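Down below is the structure, laid out as structure tokens.
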Ligand SMILES: NC(=O)c1ccc[n+]([C@@H]2O[C@H](COP(=O)([O-])OP(=O)(O)OC[C@H]3O[C@@H](n4cnc5c(N)ncnc54)[C@H](OP(=O)(O)O)[C@@H]3O)[C@@H](O)[C@H]2O)c1
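In the numbering used here, the protein residues as written are 11 to 310.
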């Protein structure tokens with residue numbers, strides 16, 4: 011049986027669906043039984059557990075041959091690093107107490123660095139803590155920048171007529187569709203060939219700059235002249251707060267942006283067929299971005 015944290019989310023749902031499609035026994039974990047219902051209809055067992063509750067998570071992992079483990083985002087937390095510490099402690103305790111032998115763990119490009127990468131520091135610490143569990147086979151999936159992050163640009167386009175954000179316009183970013191991470195993780199869970207502790211980068215379909223993203227999005231939404239502007243931190247922070255982030259999370263995002271802009275936070279691996287995934291940004295825009303943009307535009 012496989013236990014999947016974050017099962018209703020971007021990556022976890024793809025893990026669960028791929029394993030269910032292979033006829034595997036799957037336990038989906040989330041905070042709300044109703045949201046897990048679609049997986050139950052496909053044969054999964056639902057388990058309601060908060061990832062900060064060690065006893066509940068240990069029960070959720072009990073009997074699992076392998077788990078898909080993640081720290082769910084909590085961008086409204088006043089202390090994001092403290093939240094990440096608590097959840098990584100809980101995950102580690104649950105993996106150890108339940109005697110889990112295999113874990114595919116969602117991490118990030120940049121998790122090799124111990125500091126100055128914003129929220130990714132919490133993933134570095136998660137990897138470190140899990141690595142202290144003797145006998146655990148753990149695969150840390152150091153994923154690139156989620157294409158889903160660009161959905162925040164819908165409001166920016168509607169308010170300012172451009173794309174804008176803290177990253178340099180000409181910075182090549184390894185852009186990945188979250189679904190590709192989940193499907194890749196599911197294949198690793200099916201094979202279970204990883205041993206001891208390993209980190210693997212997953213760099214998505216290709217590297218793209220925000221300038222290129224603006225051009226791709228512009229063509230798809232009928233605004234062919236759409237451009238991107240880098241905004242200074244003092245402009246970005248209020249926008250992040252308005253989007254519902256805590257001041258602490260906004261500061262961490264700005265720290266991560268600085269780390270990306272300077273090249274401190276960057277993939278360690280060169281691009282290869284093994285760390286490249288199938289979904290292009292054009293496909294993501296056609297399937298997710300443009301419909302949401304149009305849907306939102308219709309309500310404005
Ligand atoms: N964004 C990026 O560019 C990027 C890049 C690399 C790595 N990452 C990492 O990717 C992870 C997020 O992955 P994702 O996008 O797949 O997640 P997600 O879709 O945002 O969320 C996953 C699920 O976690 C569940 N959840 C939230 N809080 C919970 C709690 N306290 N207890 C139990 N379940 C909880 C939610 O389901 P319910 O509401 O049903 O409980 C949610 O659907 C983060 O660790 C992030 O650092 C992100």
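Every residue, glycine too, gets a C-beta built ideally from N, C-alpha and C.
Small disclaimer: the values here were computed from a predicted structure and weren't measured.
Rounded to the nearest whole angstrom, the C-alpha separation of residue 256 and residue 87 is 6 Å.
Taking 8 Å as the cut-off, one finds at least one heavy atom of ligand 1 near enough to the beta carbon of residue 132.
Residue pairing of residue 55 in beta bridges, as defined by DSSP: 37. For residue 285, the number of other beta carbons within 10 angstroms of its own is at least 16, and it is reported as buried. A contact between stretches requires three or more CB pairs, one per stretch, nearer than 8 Å, and the region 47-60 meets this requirement with the region 28-36. According to the DSSP assignment, residue 259 belongs to the alpha helix (DSSP H) that extends over 257-272.
Approximately 12 Å separates the beta-carbon atoms of residue 105 and residue 61; this is outside 8 Å, ruling out the contact. Look at residue 42: its beta carbon is less than 8 Å from one of the heavy atoms in ligand 1. Where residue 119 is concerned, there is no enclosing beta strand (DSSP E), because DSSP gives it neither an H nor an E.
The way I'd put it, the region 106-115 does touch the region 67-84; three or more beta-carbon pairs between them come closer than 8 Å. Comparing C-alpha distances from residue 131 to each of 98, 173 and 300 shows the shortest one belongs to 98.
In this structure, residue 217 sits near residue 281, with a CB-CB distance shorter than 9 Å. By the CB criterion at 9 Å, residue 91 and residue 262 fall inside the cutoff.
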